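Number of protein chains: 2
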Amino acid sequence: MGIEDAGPGTVRPGGRTARVRASVLRAAGDALAEHGFAHLDLVDVARRAEVGKTTVYRRWGTVTGLVADLLLEMAEESLPRTETGSLLGDLKANARLVQRTLADPRQGALFKAVLAAATGEEKTAEALHRFYDTRVKEWAPCVQQAVDRGEIPQGTDAHEVIRAVSAPLYYRLLTSGDRLDEAAADRAAEAAVAAARAGAYLRGDDGHA
Amino acid sequence: MGIEDAGPGTVRPGGRTARVRASVLRAAGDALAEHGFAHLDLVDVARRAEVGKTTVYRRWGTVTGLVADLLLEMAEESLPRTETGSLLGDLKANARLVQRTLADPRQGALFKAVLAAATGEEKTAEALHRFYDTRVKEWAPCVQQAVDRGEIPQGTDAHEVIRAVSAPLYYRLLTSGDRLDEAAADRAAEAAVAAARAGAYLRGDDGHA
DNA sequence: CGATTAATGAAACTGGAGTCCCGTTATGGG
DNA sequence: CCCATAACGGGACTCCAGTTTCATTAATCG
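The listed protein sequences correspond, in order, to chains A and B.
Throughout the first sequence, residue numbering follows UniProt numbering, covering 1 to 209 in sequence.
Throughout the second sequence, residue numbering follows UniProt numbering, covering 1 to 209 in sequence.
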């Protein structure tokens with residue numbers, strides 16, 4: 001009975017506490033990109049961040065807890081969205097952005113590690129879902145504009161179209177050893193547009209015309 | 001210099017050795033499905049398999065090594081493929097199969113764990129890639145048949161079409177909390193067919209007609 | 001069937017991840 | 001500017017995953 005929880009960092013979040021968090025999250029990202037999720041150890045993160053290991057254990061506790069907080073920060077920094085005037089152009093821009101991110105050695109390894117961490121730990125999974133919801137929502141407007149222009153049918157689920165662009169890129173990253181190139185990105189965008197035109201992403205409909 | 005490696009289990013693979021392997025792999029699958037990759041510990045696997053922990057460490061060494069062997073076995077047991085006479089019918093059957101597998105609590109958790117394990121460990125990743133190559137190759141013929149029937153353009157990359165069906169299902173499994181239902185499976189199949197018809201999966205082509 | 005030795009398994013051992021204790025630092029409120 | 005105390009950090013401690021050793025069991029070959 002009474003107010004409980006409110007872990008460390010919630011009462012005096014300014015100054016040192018904020019610096020420690022930034023330093024630890026940066027170190028965690030580096031370590032994840034280098035060693036992967038499986039071999040991440042909090043003592044190493046503490047060393048890199050030049051912070052006492054007690055602090056890391058007290059504030060984040062586990063590897064998955066730390067990744068969850070890292071995802072919160074990653075969700076905040078949003079990337080600028082371009083507008084090309086056509087759905088295919090916008091989705092290609094999106095696909096290229098995702099492709100470049102996943103193909104980059106550091107970023108690609110980091111995303112793989114974060115996905116692995118979200119597997120199995122509910123709290124981390126929720127943070128990951130919020131991260132992708134944020135990204136999808138940022139890009140959904142370009143699909144709605146395409147509907148308004150008459151490029152694709154009324155009632156198209158904008159979020160589903162955006163997800164359709166990323167899906168094959170992530171699938172390829174995880175299940176094949178092939179490199180993610182621009183051709184793969186363009187193909188993903190083209191496939192999504194073709195499917196959207198055919199009404200495959202109509203909301204609350206199973207696709208039968 | 002000379003012949004080296006050839007670890008335990010390669011000289012006398014019959015009888016007990018085979019029984020131990022089967023028992024350990026089954027236990028590993030159970031443990032992965034229950035606790036996830038992050039919390040898997042080989043001592044627990046040894047206990048479940050009723051096998052000395054020394055044996056597990058000697059033959060598989062690490063968690064990722066054990067998962068790699070598990071994937072080799074998973075690749076061998078192939079699922080029967082149905083033939084419905086139309087590309088959409090065949091791909092829907094494939095999509096439903098994947099969807100049922102991933103939606104099943106045990107199987108879904110196991111696949112998540114296996115994907116997580118393949119992240120970061122090259123040897124495990126290779127085993128995973130072989131597993132998916134096997135599955136994709138099993139289903140590719142139905143796409144070729146569709147080409148022969150004239151449903152989709154000549155020069156369509158059959159493997160890419162099959163991957164396009166699974167991709168959105170895996171993407172949803174990993175990046176959202178939403179349940180994988182039949183509607184999602186059907187939508188994946190329909191989108192793949194629409195994109196294939198539009199020529200998005202032409203081999204060695206970036207999609208421009 | 002018996003000899004050879006590959007493979008297993010019990011037990012003792014070790015190193016380091018994670019915890020605990022308590023003194024030190026510096027934030028935020030008055 | 002000063003006080004109360006939130007948050008940090010060093011170091012000792014614990015516990016168990018992973019290793020090593022060696023005796024026991026059983027697969028293969030003649």
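We put the beta carbon where it would ideally sit given N, CA and C, even for glycine.
In this text, all values refer to a predicted model and were calculated from it rather than measured experimentally.
Item: Chain B contacts from the stretch 151-171 of chain A (Cβ-Cβ distance under 9 Å); Value: GLU160, ARG163, ALA164, SER166, ALA167, PRO168, LEU169, TYR170, TYR171
Item: Proximity winner among B:VAL11, B:LEU66, B:ALA194, relative to residue 210 of chain B (alpha-carbon distances); Value: In the structure displayed, chain B extends from 1 to 209; residue 210 of chain B sits before or after that span and is not available.
Item: CA-to-CA distance, A:ALA116 to B:GLU151, given in whole angstroms; Value: 39 Å
Item: Straight-line gap, B:VAL136 to A:ARG58 (C-alpha atoms, nearest Å); Value: 46 Å
Item: Contacts of B:TYR132 in chain A (Cβ-Cβ under 8 Å); Value: THR175, SER176
Item: Where A:GLU121 falls, given that 16 or more other Cβ within 10 Å makes a residue buried; Value: buried
Item: Minimum Cβ-Cβ distance from residue 270 of chain A to chain B less than 8 Å; Value: What is shown of chain A runs 1 to 209, which leaves residue 270 of chain A out entirely.
Item: Own chain residues within Cβ distance below 6 Å of A:ASN94, not counting five before or after; Value: TRP139, VAL165
Item: Test: B:LYS123 CB closer than 8 Å to a CB of chain A; Value: no
Item: Status (buried if at least 16 other CB within 10 Å, exposed otherwise) for A:LEU72; Value: exposed
Item: Closer than 8 Å at the beta carbon, the chain B residues around A:LEU110; Value: Ordered by position in chain B, no residue passes the 8 Å Cβ test against A:LEU110, which lies about 11 Å from the chain.
Item: Same chain only: Cβ atoms within 8 Å of A:ALA109, ignoring 5 sequence neighbours per side; Value: LEU32, ALA33, GLU34, GLY36
Item: Any C-beta of chain B under 8 Å from that of A:ARG12; Value: no
Item: Contacts of B:LEU128 in chain A (Cβ-Cβ under 7 Å); Value: THR175
Item: Chain-ordered residues of the stretch 11-44 of chain A with a beta carbon less than 8 Å from chain B; Value: HIS35, GLY36, PHE37, ALA38, HIS39
Item: B:LEU202 in three-state terms, based on DSSP; Value: strand
Item: Reduced DSSP category for A:THR101 - H, G, I as helix; E, B as strand; rest coil; Value: helix
Item: Residues bridged to A:THR156 (per DSSP); Value: A:LEU202
Item: Cβ shell of A:LEU42 (< 6 Å), same chain only, five flanking positions each side left out; Value: VAL56
Item: Secondary structure of B:TRP60, DSSP reduced to three states; Value: coil
Item: Spatial neighbours of A:ARG203 in its chain, beta-carbon cut-off 6 Å, leaving aside the 5 residues before and after; Value: GLY155, ASP157
Item: For A:THR17, the first and last residue of its enclosing alpha helix (DSSP H); Value: 15-35
Item: Cα-Cα separation, B:VAL147 to B:PRO153; Value: 6 Å
Item: Residue of A:PHE131, A:ARG96, A:LYS123, A:LYS92 minimising C-alpha distance to A:PHE111; Value: A:PHE131
Item: Contact set for B:ALA127: own chain, Cβ-Cβ below 7 Å, skip 5 residues either direction; Value: ALA68, LEU71, LEU72
Item: Member of A:ALA28, A:LEU91, A:GLY177, A:ALA38 whose CA lies at the smallest distance from the CA of residue 212 of chain A; Value: Not covered by the structure: residue 212 of chain A. The range shown for chain A is 1 to 209.
Item: First and last residue of the uninterrupted alpha helix (DSSP H) at B:PRO141; Value: 122-149
Item: C-beta atoms of B:ALA38 and B:ARG96 nearer than 8 Å; Value: no
Item: Beta-carbon proximity of B:GLN107 to B:LEU180, cut-off 8 Å; Value: no
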